[in-house]
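A.B. asks: Numbering (UniProt numbering), first residue to last: 1 to 116. Note that beta-carbon positions come from the ideal geometry of N, C-alpha and C, so glycine has one too.
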Amino acid sequence: MDERQALIAFGALSQETRLRLLRLLVVVGPDGIAAGSLAEQVEVSPSNVSFHLKELERAGLVSTRRDARSIVYSAEYEALSGLIRFLMEDCCSGRPEICAPALASPCCQPGEGTRQ
Numbered sequence: 001m002d003e004r005q006a007l008i009a010f011g012a013l014s015q016e017t018r019l020r021l022l023r024l025l026v027v028v029g030p031d032g033i034a035a036g037s038l039a040e041q042v043e044v045s046p047s048n049v050s051f052h053l054k055e056l057e058r059a060g061l062v063s064t065r066r067d068a069r070s071i072v073y074s075a076e077y078e079a080l081s082g083l084i085r086f087l088m089e090d091c092c093s094g095r096p097e098i099c100a101p102a103l104a105s106p107c108c109q110p111g112e113g114t115r116q
């Protein structure tokens, strides 16, 4: 990920509803979730959710697919990994012991990914 892409991604994430939506998509996993269900879970109107999801999609952080009459949204895990790699790329001036805690995978830890 280059700096321009990172700026676009961080810009998209700098809004509370979009951050909540993306975190929920990460929790849901690669199968994704329909836009209507997302709206219910974050307690935001469907039109508002669509607006915010479109911004996350433009930033490359989510993808969409049609499933019958629903549009299903999924987190783009590769893009999220790229954003983290961008941040940590030149970490700590060559002192990996400082970065090790930040790089230890917090993924898939029960109860850890649901903070709000």
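Check arginine 65 in the structure and name its three-state DSSP category.
C.D. replies: As a first step, residue 65 must be located in the sequence shown, where it is residue number 65. Of the three classes helix, strand and coil, the one that applies to arginine 65 here is strand, per DSSP.
A.B. asks: Whose CA, out of Glu3, Ala12 and Asp2, lies closest to the CA of leucine 58?
C.D. replies: As a working note, residue 58 is residue 58 in the sequence shown. Rather than leucine, the amino acid found at residue 58 in this sequence is arginine. Answer by Cα proximity: Ala12.
A.B. asks: Under a three-way DSSP split, which group does alanine 9 fall into?
C.D. replies: To locate residue 9, count along the sequence shown from 1; it is residue 9. Judged by DSSP in its simplified three-state form, alanine 9 adopts helix.
A.B. asks: Given a threshold of 16 other Cβ atoms within 10 Å of its Cβ, counted over all protein chains shown, does glutamate 76 qualify as buried or as exposed?
C.D. replies: The count along the sequence shown starts at 1 and reaches residue 76 at position 76. Glutamate 76 sits buried, since 16 or more C-beta atoms from the chains shown fall within 10 Å of its C-beta.
A.B. asks: Taking buried to mean at least 16 other C-beta atoms within 10 Å of its own C-beta, is alanine 100 buried or exposed?
C.D. replies: As a working mapping, residue 100 is identified with position 100 in the sequence shown. So alanine 100 ends up on the exposed side.
A.B. asks: With a threshold of 7 Å on Cβ separation, who are the neighbours of arginine 115 within its own chain once the five nearest residues in sequence on each side are excluded?
C.D. replies: Here residue 115 corresponds to residue number 115 of the sequence shown, with the count starting at 1. Confidence at arginine 115 is low in this model, with a pLDDT of 43, below 50, so the placement of that residue should be treated as unreliable; the coordinate-derived value is given next. There are no such residues.
A.B. asks: Quick check: the Cα distance between glutamine 56 and isoleucine 98, rounded to an integer number of angstroms?
C.D. replies: In the sequence shown, counting from the first residue as 1, residue 56 sits at position 56. In the sequence shown, counting from the first residue as 1, residue 98 sits at position 98. First, the residue type needs correcting, since residue 56 is leucine and not glutamine in the sequence shown. Roughly 31 Å separates the two Cα atoms.
A.B. asks: From Cys92, Glu89, Arg18 and Gly82, pick the residue whose C-alpha is nearest to that of valine 44; which is it?
C.D. replies: Counting from 1 along the sequence shown, the entry for residue 44 is found at position 44. For valine 44, the nearest C-alpha among the options comes from Arg18.
A.B. asks: Out of curiosity, what's the CA-to-CA distance linking glycine 36 and leucine 7?
C.D. replies: Mapped onto the sequence shown, residue 36 falls at position 36. Mapped onto the sequence shown, residue 7 falls at position 7. Whole-angstrom Cα-Cα distance: 29 Å.
A.B. asks: Within the UniProt domain "HTH arsR-type" (1-95), note down every full alpha helix (DSSP H) run reaching 4 residues or more, in order along the chain.
C.D. replies: 3-13, 16-28, 35-42, 46-58 and 77-88
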